[in-house]
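*Asks:*
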Amino acid sequence: MQSQEAVPPLSGRGPESPSSERPKARTGDAFSHDHLQEPGQRWSLDFVSDTLICGRRFRILAVIDDFSRKNLALVADTSLSGRRVARELTALVERYGKPLMIVSDNGTVFTPHAILKRADEMQIEWHYIAPRKPQQNGFVESFNGRFRDECLNETLFTSLTHARQILADWRECYNSVRPHSQLDGRTPDQIARQGSRGHASETPVIPSTSSHKKRELSF
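Remember, this note's numbering sits 11 above the position in the sequence shown when you count from 1.
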(Lines of atoms letter the chains of each structure in order from A and count residues from 1; the text may use other names and numbers.)
(Lines give C-alpha, C1' and ligand atoms only; values in the text may rest on other atoms or scores of the structure.)
Protein backbone atom coordinates (compact mmCIF):
# COMPACT_ATOMS: atom_id res chain seq x y z
CA MET A 1 0.00 0.00 0.00
CA GLN A 2 1.48 3.31 -1.07
CA SER A 3 1.92 6.01 1.54
CA GLN A 4 0.32 9.38 0.89
CA GLU A 5 2.52 12.35 0.05
CA ALA A 6 2.80 14.74 2.96
CA VAL A 7 2.37 18.43 2.28
CA PRO A 8 5.32 20.13 4.03
CA PRO A 9 4.47 22.81 6.60
CA LEU A 10 5.10 26.42 5.72
CA SER A 11 8.34 27.88 6.93
CA GLY A 12 8.03 29.24 10.44
CA ARG A 13 4.84 27.33 11.26
CA GLY A 14 4.35 24.06 13.03
CA PRO A 15 1.89 21.32 12.11
CA GLU A 16 -1.72 22.38 11.93
CA SER A 17 -4.10 20.90 14.46
CA PRO A 18 -6.78 18.68 12.96
CA SER A 19 -9.95 20.45 11.97
CA SER A 20 -13.13 19.36 10.28
CA GLU A 21 -13.72 22.84 8.89
CA ARG A 22 -13.01 22.98 5.18
CA PRO A 23 -11.32 26.15 3.87
CA LYS A 24 -13.60 28.01 1.50
CA ALA A 25 -13.10 29.42 -1.99
CA ARG A 26 -15.18 31.94 -3.89
CA THR A 27 -16.97 31.14 -7.14
CA GLY A 28 -17.81 33.41 -10.05
CA ASP A 29 -16.10 36.25 -11.91
CA ALA A 30 -13.15 37.37 -9.77
CA PHE A 31 -12.79 40.99 -10.81
CA SER A 32 -12.24 43.04 -13.93
CA HIS A 33 -8.97 42.58 -15.79
CA ASP A 34 -8.69 46.39 -15.72
CA HIS A 35 -8.03 46.17 -11.97
CA LEU A 36 -4.71 44.41 -12.54
CA GLN A 37 -1.97 46.96 -11.91
CA GLU A 38 1.15 44.90 -11.21
CA PRO A 39 2.56 41.37 -11.22
CA GLY A 40 1.52 39.12 -8.38
CA GLN A 41 -2.06 40.32 -8.04
CA ARG A 42 -3.58 37.24 -9.66
CA TRP A 43 -2.35 33.89 -10.92
CA SER A 44 -4.39 31.60 -13.18
CA LEU A 45 -4.10 27.81 -13.26
CA ASP A 46 -5.28 25.17 -15.71
CA PHE A 47 -4.39 21.74 -17.06
CA VAL A 48 -3.45 20.59 -20.56
CA SER A 49 -3.12 16.94 -21.60
CA ASP A 50 -1.01 15.20 -24.24
CA THR A 51 0.31 11.76 -25.14
CA LEU A 52 3.78 10.22 -25.45
CA ILE A 53 4.52 8.26 -28.63
CA CYS A 54 4.14 5.04 -26.60
CA GLY A 55 0.50 6.01 -26.02
CA ARG A 56 0.85 6.97 -22.36
CA ARG A 57 -0.99 10.14 -21.45
CA PHE A 58 0.45 12.90 -19.30
CA ARG A 59 -0.85 16.16 -17.88
CA ILE A 60 0.66 19.62 -17.68
CA LEU A 61 -0.14 22.17 -14.99
CA ALA A 62 0.13 25.68 -16.45
CA VAL A 63 0.45 28.67 -14.10
CA ILE A 64 0.21 32.24 -15.44
CA ASP A 65 0.67 35.65 -13.84
CA ASP A 66 -2.28 37.51 -15.36
CA PHE A 67 -0.72 40.98 -15.39
CA SER A 68 2.66 40.18 -16.94
CA ARG A 69 1.40 37.10 -18.89
CA LYS A 70 4.51 35.35 -17.54
CA ASN A 71 4.29 31.57 -17.54
CA LEU A 72 5.41 30.72 -14.02
CA ALA A 73 5.37 26.96 -14.50
CA LEU A 74 4.68 24.09 -16.86
CA VAL A 75 4.64 21.01 -14.63
CA ALA A 76 4.42 17.76 -16.61
CA ASP A 77 3.74 14.34 -15.10
CA THR A 78 1.62 11.26 -15.65
CA SER A 79 -0.31 12.05 -12.47
CA LEU A 80 -0.86 15.41 -10.77
CA SER A 81 -2.79 15.14 -7.51
CA GLY A 82 -4.13 17.94 -5.35
CA ARG A 83 -1.25 17.44 -2.92
CA ARG A 84 1.25 17.69 -5.77
CA VAL A 85 -0.34 20.91 -7.01
CA ALA A 86 -0.22 22.32 -3.47
CA ARG A 87 3.48 21.48 -3.29
CA GLU A 88 4.22 23.06 -6.68
CA LEU A 89 2.36 26.23 -5.68
CA THR A 90 4.34 26.43 -2.46
CA ALA A 91 7.57 26.31 -4.49
CA LEU A 92 6.30 29.05 -6.82
CA VAL A 93 5.37 31.28 -3.88
CA GLU A 94 8.84 30.80 -2.43
CA ARG A 95 10.35 31.83 -5.77
CA TYR A 96 8.06 34.67 -6.89
CA GLY A 97 6.23 35.75 -3.73
CA LYS A 98 2.59 35.04 -3.03
CA PRO A 99 -0.21 36.39 -5.24
CA LEU A 100 -3.28 38.05 -3.79
CA MET A 101 -5.55 35.64 -5.66
CA ILE A 102 -5.39 32.35 -7.54
CA VAL A 103 -8.05 31.52 -10.14
CA SER A 104 -8.89 28.05 -11.45
CA ASP A 105 -11.82 25.94 -12.53
CA ASN A 106 -13.47 23.68 -9.96
CA GLY A 107 -12.11 20.43 -11.35
CA THR A 108 -11.36 17.60 -8.97
CA VAL A 109 -7.62 18.35 -8.75
CA PHE A 110 -8.23 21.95 -7.68
CA THR A 111 -10.88 21.22 -5.04
CA PRO A 112 -9.16 18.90 -2.50
CA HIS A 113 -8.73 20.03 1.07
CA ALA A 114 -4.92 20.01 0.64
CA ILE A 115 -4.99 22.84 -1.90
CA LEU A 116 -7.49 25.07 -0.11
CA LYS A 117 -5.77 24.46 3.21
CA ARG A 118 -2.42 25.50 1.76
CA ALA A 119 -3.93 28.62 0.17
CA ASP A 120 -5.57 29.48 3.50
CA GLU A 121 -2.25 29.04 5.32
CA MET A 122 -0.54 31.37 2.86
CA GLN A 123 -3.44 33.85 3.07
CA ILE A 124 -4.13 33.64 -0.66
CA GLU A 125 -7.72 33.98 -1.88
CA TRP A 126 -8.67 31.02 -4.09
CA HIS A 127 -11.36 31.74 -6.64
CA TYR A 128 -13.19 29.18 -8.78
CA ILE A 129 -14.63 30.33 -12.08
CA ALA A 130 -18.34 29.68 -12.57
CA PRO A 131 -19.28 26.35 -14.21
CA ARG A 132 -19.14 26.47 -18.02
CA LYS A 133 -17.59 29.96 -17.94
CA PRO A 134 -14.00 29.44 -19.24
CA GLN A 135 -13.88 33.12 -20.25
CA GLN A 136 -13.55 33.94 -16.55
CA ASN A 137 -10.12 32.32 -16.76
CA GLY A 138 -9.31 33.91 -20.10
CA PHE A 139 -5.58 34.55 -19.67
CA VAL A 140 -4.61 30.94 -19.06
CA GLU A 141 -7.17 29.68 -21.61
CA SER A 142 -5.56 31.92 -24.25
CA PHE A 143 -2.10 30.80 -23.17
CA ASN A 144 -3.09 27.14 -23.40
CA GLY A 145 -4.35 27.61 -26.95
CA ARG A 146 -1.06 29.17 -28.03
CA PHE A 147 0.92 26.53 -26.12
CA ARG A 148 -0.95 23.68 -27.79
CA ASP A 149 -0.71 25.16 -31.30
CA GLU A 150 2.97 26.03 -31.13
CA CYS A 151 4.42 23.30 -28.92
CA LEU A 152 2.22 20.29 -28.18
CA ASN A 153 0.76 19.88 -31.66
CA GLU A 154 4.20 20.27 -33.26
CA THR A 155 6.11 17.73 -31.17
CA LEU A 156 6.22 13.95 -30.79
CA PHE A 157 7.28 13.34 -27.21
CA THR A 158 9.44 10.23 -26.81
CA SER A 159 9.42 10.27 -23.01
CA LEU A 160 8.37 12.36 -20.05
CA THR A 161 11.95 13.60 -19.72
CA HIS A 162 11.91 14.67 -23.38
CA ALA A 163 8.56 16.43 -22.89
CA ARG A 164 9.84 18.34 -19.86
CA GLN A 165 12.89 19.57 -21.79
CA ILE A 166 10.81 20.70 -24.78
CA LEU A 167 8.38 22.48 -22.45
CA ALA A 168 11.24 24.24 -20.64
CA ASP A 169 12.71 25.47 -23.94
CA TRP A 170 9.34 26.71 -25.22
CA ARG A 171 8.60 28.42 -21.90
CA GLU A 172 11.95 30.24 -21.99
CA CYS A 173 11.23 31.52 -25.50
CA TYR A 174 7.68 32.55 -24.57
CA ASN A 175 8.76 34.44 -21.45
CA SER A 176 12.06 35.97 -22.51
CA VAL A 177 12.34 36.20 -26.29
CA ARG A 178 9.11 36.90 -28.09
CA PRO A 179 7.36 40.27 -27.71
CA HIS A 180 3.62 40.40 -27.01
CA SER A 181 1.46 42.99 -28.73
CA GLN A 182 -0.76 43.48 -25.66
CA LEU A 183 2.36 44.16 -23.59
CA ASP A 184 3.35 47.04 -25.91
CA GLY A 185 5.87 44.86 -27.69
CA ARG A 186 7.60 43.69 -24.55
CA THR A 187 8.14 40.21 -23.20
CA PRO A 188 6.51 38.83 -20.04
CA ASP A 189 9.91 38.81 -18.31
CA GLN A 190 10.37 42.51 -19.05
CA ILE A 191 6.95 43.33 -17.64
CA ALA A 192 7.61 41.19 -14.57
CA ARG A 193 10.91 42.98 -13.91
CA GLN A 194 9.53 46.47 -14.47
CA GLY A 195 6.30 45.89 -12.61
CA SER A 196 4.26 48.31 -14.71
CA ARG A 197 3.41 48.77 -18.37
CA GLY A 198 4.04 52.48 -17.99
CA HIS A 199 7.82 52.04 -18.00
CA ALA A 200 9.94 52.37 -21.12
CA SER A 201 10.40 49.08 -22.90
CA GLU A 202 13.69 47.33 -23.42
CA THR A 203 14.88 45.88 -26.71
CA PRO A 204 14.31 42.11 -26.69
CA VAL A 205 17.40 39.99 -27.30
CA ILE A 206 16.53 37.54 -30.07
CA PRO A 207 18.78 34.49 -30.44
CA SER A 208 19.90 33.81 -34.00
CA THR A 209 18.91 30.14 -33.86
CA SER A 210 16.11 29.05 -36.14
CA SER A 211 14.16 27.55 -33.23
CA HIS A 212 13.57 30.99 -31.69
CA LYS A 213 12.17 33.19 -34.43
CA LYS A 214 10.93 36.65 -33.52
CA ARG A 215 7.16 36.54 -33.53
CA GLU A 216 4.77 38.87 -31.78
CA LEU A 217 2.12 37.28 -29.61
CA SER A 218 -1.30 38.88 -29.57
CA PHE A 219 -2.44 38.07 -26.03
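Every residue gets a Cβ at the ideal spot worked out from N, C-alpha and C, and that includes glycine.
Bear in mind that the values here come from a model prediction, so they are computed numbers and not experimental data.
Taking the beta carbon of Cys65 as the centre, do at least 16 other beta carbons fall within 10 Å, making it buried, or is it exposed?
*Replies:* As a first step, residue 65 must be located in the sequence shown, where it is residue number 54. The residue is exposed, with fewer than 16 neighbouring Cβ atoms inside 10 Å.
*Asks:* Is DSSP giving Ser55 helix, strand or coil here?
*Replies:* Position 44 of the sequence shown, counted from the first residue, corresponds to residue 55. Here Ser55 sits in strand by DSSP.
*Asks:* Residues in the same chain with beta-carbon distance under 8 Å from Ile177, minus the five sequence neighbours each way, listed in chain order, please.
*Replies:* Here residue 177 corresponds to residue number 166 of the sequence shown, with the count starting at 1. Result list for Ile177: Cys162, Thr166 and Phe168, in chain order.
*Asks:* Quick check on Thr89: does DSSP put it in helix, strand or coil?
*Replies:* Indexing the sequence shown from 1 puts residue 89 at position 78. The answer is coil: DSSP assigns Thr89 none of H, G, I, E or B.
*Asks:* Which one or two residues does DSSP pair with Glu136 in a beta bridge?
*Replies:* Start at 1 with the first residue of the sequence shown, and residue 136 comes out as number 125. Note: Glu136 sits in a beta bridge opposite Met112.
*Asks:* How big is the Cα-Cα spacing for Asp61 and Leu72?
*Replies:* Locating residue 61 in the sequence shown gives position 50, counting from the first residue. Locating residue 72 in the sequence shown gives position 61, counting from the first residue. The alpha-carbon atoms of Asp61 and Leu72 are separated by roughly 12 Å.
*Asks:* How many angstroms separate the CA atom of Pro190 from the CA atom of Tyr139?
*Replies:* The sequence position of residue 190 within the sequence shown is 179, counting from 1. The sequence position of residue 139 within the sequence shown is 128, counting from 1. Going from the Cα of Pro190 to the Cα of Tyr139 covers about 30 Å.
*Asks:* Buried or exposed for Thr119, going by 16 or more other Cβ atoms inside 10 Å?
*Replies:* Locating residue 119 in the sequence shown gives position 108, counting from the first residue. The residue is exposed, with fewer than 16 neighbouring Cβ atoms inside 10 Å.
*Asks:* Measuring alpha carbon to alpha carbon, tell me which residue in Pro145, Gly206 and Phe154 is nearest Asp116.
*Replies:* In the sequence shown, counting from the first residue as 1, residue 116 sits at position 105. Of the candidates Pro145, Gly206 and Phe154, the one whose C-alpha sits nearest the C-alpha of Asp116 is Pro145.
*Asks:* Just tell me which of Asp180, Leu127, Ile75 and Ala130 has its CA closest to the CA of Phe58.
*Replies:* For the purposes of this step, residue 58 is taken as the residue at position 47 of the sequence shown. Cα-wise, what sits closest to Phe58 is Ile75.
*Asks:* Compute the Euclidean distance between the alpha carbons of Asn148 and Phe154, then round it to the nearest angstrom.
*Replies:* As a first step, residue 148 must be located in the sequence shown, where it is residue number 137. As a first step, residue 154 must be located in the sequence shown, where it is residue number 143. Using only the alpha carbons, I get a separation of about 10 Å.
*Asks:* Return the chain-ordered list of same chain residues with a C-beta closer than 7 Å to the C-beta of Ile126, the five sequence neighbours on each side being excluded.
*Replies:* Within the sequence shown, residue 126 is the residue found at index 115, counting from 1. Counting only Cβ-Cβ distances below 7 Å, and skipping sequence neighbours, we find Gly93, Val96 and Ala97.
*Asks:* Roughly how many angstroms separate the alpha carbons of Gly206 and Ala141, rounded to a whole number?
*Replies:* Taking the sequence shown and counting its residues from 1, one reaches residue 206 at position 195. Taking the sequence shown and counting its residues from 1, one reaches residue 141 at position 130. Approximately 29 Å, taken between the alpha carbons.
*Asks:* Taking the beta strand (DSSP E) that Arg68 belongs to, which residues open and close that run?
*Replies:* As a position in the sequence shown, residue 68 is number 57, starting the count at 1. Counting along the chain, the beta strand (DSSP E) containing Arg68 begins and ends at Arg68 to Asp76.
*Asks:* Would you mind reading off the limits of the alpha helix (DSSP H) that contains Asn117?
*Replies:* By 1-based counting over the sequence shown, the position of residue 117 is 106. Looking at the DSSP string, Asn117 is not in any alpha helix (DSSP H), and its letter there is neither H nor E.
*Asks:* Please report the distance separating the alpha-carbon of Glu183 from that of Glu49.
*Replies:* Taking the sequence shown and counting its residues from 1, the one referred to as residue 183 is at position 172. Taking the sequence shown and counting its residues from 1, the one referred to as residue 49 is at position 38. Answer to the nearest angstrom: the Cα atoms are 21 Å apart.
*Asks:* Counting along the chain, where does the alpha helix (DSSP H) carrying Leu171 start and finish?
*Replies:* Here residue 171 refers to the residue found at position 160 when the sequence shown is read from its first residue. Its alpha helix (DSSP H) spans residues Leu171 to Ser187.
*Asks:* On a Cα-Cα basis, can you pick out the residue from Ala179, Leu103, Trp181 and Leu91 that is closest to Ser55?
*Replies:* For the purposes of this step, residue 55 is taken as residue 44 along the sequence shown, with counting starting at 1. Of the candidates Ala179, Leu103, Trp181 and Leu91, the one whose C-alpha sits nearest the C-alpha of Ser55 is Leu103.
*Asks:* By alpha-carbon positions, which one of Leu63, Ile135, Pro123 and Ala179 ends up nearest to Val86?
*Replies:* To locate residue 86, count along the sequence shown from 1; it is residue 75. Among Leu63, Ile135, Pro123 and Ala179, the Cα nearest to that of Val86 is on Ala179.
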